[in-house]
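Asks: This is the structure I have questions about; it appears just below.
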Amino acid sequence: MQVYTLKNKSIEIDFIARGGQIISIKVPDAKGNVADVVVGYDTIEETLNGDAYFGALCGRYANRIVNGEFEIEGEKFQLDCNNETNHLHGGVDGFNQRNWNVSAVDLDRYVQAYQLSLISEDGDQNYPGKLEVSVIYGLTGDNQFVIEYEAETSKPTVINLTSHAYFNLNGAGNGSAMNHELQLNASNYTPISAGLGTTSGEIASVKDTPFDFTIEKTIESACETDHEQIRMFDGIDHNFVLDDFDGTVKLAGVLSDPESGRKMEVYTDQPGIQIYTAAHFDGSDIGKKGAPIVQCAGIAMETQIFPNSPNYEHFPNAILKPDEKYKHVCIYKFC
Ligand code: BGC
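Okay, here's the thing in structure tokens:
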């Protein structure tokens, strides 16, 4: 499996065609010490046999759809339920499992860029419509790793693409990222219904809850509280509602590591961001540097439409029609 590299003067990003999986992002700290800041494995072989969501492109519908069911214009669709009773990240054969077509593209805005494309046939994983997807991975001179998604469909369908890297700004393989500080431009979040296993439909204020990251604080300070939404997942596995959403690219949040001083800003034009502190990592999987992938070895920051949006009218629209274009920009900027 070929490794593709995006490189500027200071950072280097490697990915493969299977799932468009980002396998490493090497970033210097202020003193010039370079660390690989995404959770993963040391070899391609381990990557292909390991957790197939690490750094991967997820779709057609990233995150959950309750009972794998949705309806468009009165027609009911049933997706497979690969996560207990729910459909997760596009199903058993989601986009993270596909071999994307990769080609180098020359775009003025990037030092280097690749286009990853994929055709998902009508009925793929039971989703309606033939979907043509294009994703640009671009690296700018000022250390912005930009992911530009576009898709078109032949029939009305649902769509929510995202990128699933887990970041540890102190370097993957150096234990937990619980000490990282997080700031989010999100005054609201979408609580989980234990019964549904995903969003209850409620949009709740973060005020006076551990989910208040409007002012920077450590991930740990939220995860060690007794709040029932935190205890449900032994941490955070929630969608945050980004403030002032209007479809333009805005700063969603900032993740920083006090130890190395590395900092990452996340920008998006999407209405939500899933923060996942990876409670399911239990140390049994061995990752980079031969180290066990422990709980919260990295933090996922997945820009997205809200989980289960196709079943809630008051959630952002996740339906794509044939005369429309799905567009999504996500920027991880290393500072
Ligand atoms: C979800 C988690 C899920 C994980 C699987 C995340 O995006 O929020 O609930 O366990 O993906 O890798």
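Its first residue numbered 322, the sequence shown is counted upward by one per residue in the working numbering.
Ideal Cβ positions, reconstructed from N, Cα and C, are used throughout, including at glycine.
State buried or exposed for V570, treating a residue as buried only when at least 16 other CB atoms are found within 10 Å of its CB.
Replies: Burial state of V570 is exposed, judged by a 10 Å Cβ sphere holding fewer than 16 other Cβ atoms.
Asks: Can you pull the DSSP bridge partners for M585?
Replies: L576, F655
Asks: Taking the beta carbon of C617 as the centre, do at least 16 other beta carbons fall within 10 Å, making it buried, or is it exposed?
Replies: buried
Asks: Pick out the complete alpha helix (DSSP H) segments inside the segment 479-548, 4 residues or longer, and give them in chain order.
Replies: 540-544
Asks: Does DSSP classify F336 as helix, strand or coil?
Replies: strand
Asks: In the DSSP output, which residue or residues are listed as bridge partners for S345?
Replies: Looking at the DSSP assignment, S345 forms a beta bridge with D335.
Asks: Using C-beta distances below 7 Å, list every residue in its chain close to E405, excluding the 5 sequence neighbours before and after it, in chain order.
Replies: Apart from sequence neighbours up to five positions away, the residues of its chain that approach E405 with a beta-carbon distance below 7 Å are G518, ordered along the chain.
Asks: Suppose the cutoff is 8 Å on Cβ atoms and the five residues either side in sequence are ignored; what does the same chain contact list for T589 look like?
Replies: L563, V570, K571, A573, T624, H649, V650, C651, I652
Asks: Within the structure, which residues are defined as neighbours of the ligand BGC by a Cβ-heavy atom distance below 5 Å, reported in chain order?
Replies: Ordered by chain, the residues meeting the criterion of a beta-carbon within less than 5 Å of a non-hydrogen atom of the ligand BGC are Y374, D558, Y597.
Asks: Less than 6 Å between C-beta atoms, sequence neighbours within five positions excluded: which residues of the same chain meet that for Y647?
Replies: Taking C-beta separations shorter than 6 Å and ignoring five residues to either side along the sequence, the partners of Y647 in its chain run A472, I480, L641, following chain order.
Asks: At which residues does the alpha helix (DSSP H) containing E366 begin and terminate?
Replies: 365-370
Asks: If we call anything under 8 Å between Cβ atoms a contact, is N417 one with Y362?
Replies: no
Asks: Considering only their Cβ atoms, is the gap separating R583 from D357 smaller than 8 Å?
Replies: no
Asks: Terminal residues of the continuous beta strand (DSSP E) containing G593?
Replies: In the DSSP assignment, G593 falls within the unbroken beta strand (DSSP E) covering 593-597.
Asks: Can you tell me whether V324 is buried or exposed, with buried defined as 16 or more other CB within 10 angstroms of its CB?
Replies: exposed
Asks: Could you check if I536 is buried or exposed, using at least 16 other CB atoms within 10 Å of its CB as the buried criterion?
Replies: exposed
Asks: I557 lies in the beta strand (DSSP E); which residues open and close that run?
Replies: Where I557 is concerned, there is no enclosing beta strand (DSSP E), given that its DSSP letter is neither H nor E.
Asks: F336: which of D567, A498, N354, L378 sits nearest, CA to CA?
Replies: L378
Asks: Within the same chain, show all residues whose beta-carbon is closer than 7 Å to that of H283, passing over the 5 residues directly before and after it, in chain order.
Replies: Nothing about residue 283 can be read from this structure; the chain reaches only from 322 to 656.
Asks: Does the structure place the segment 603-614 close enough to the segment 489-502 that three or more beta carbon pairs sit under 8 Å?
Replies: yes
Asks: Answer yes or no: do L460 and I334 have a C-beta to C-beta separation smaller than 8 Å?
Replies: Between L460 and I334, the gap from beta carbon to beta carbon is short of 8 Å.
Asks: Could you check the C-alpha separation between T520 and F636 for me, to the nearest Å?
Replies: 10 Å
Asks: Do you know how far the Cα of G371 is from the Cα of Y431?
Replies: 31 Å
Asks: Can you give the beta carbon distance from F488 to M585, rounded, assuming they're within the 8 Å contact cut?
Replies: 6 Å
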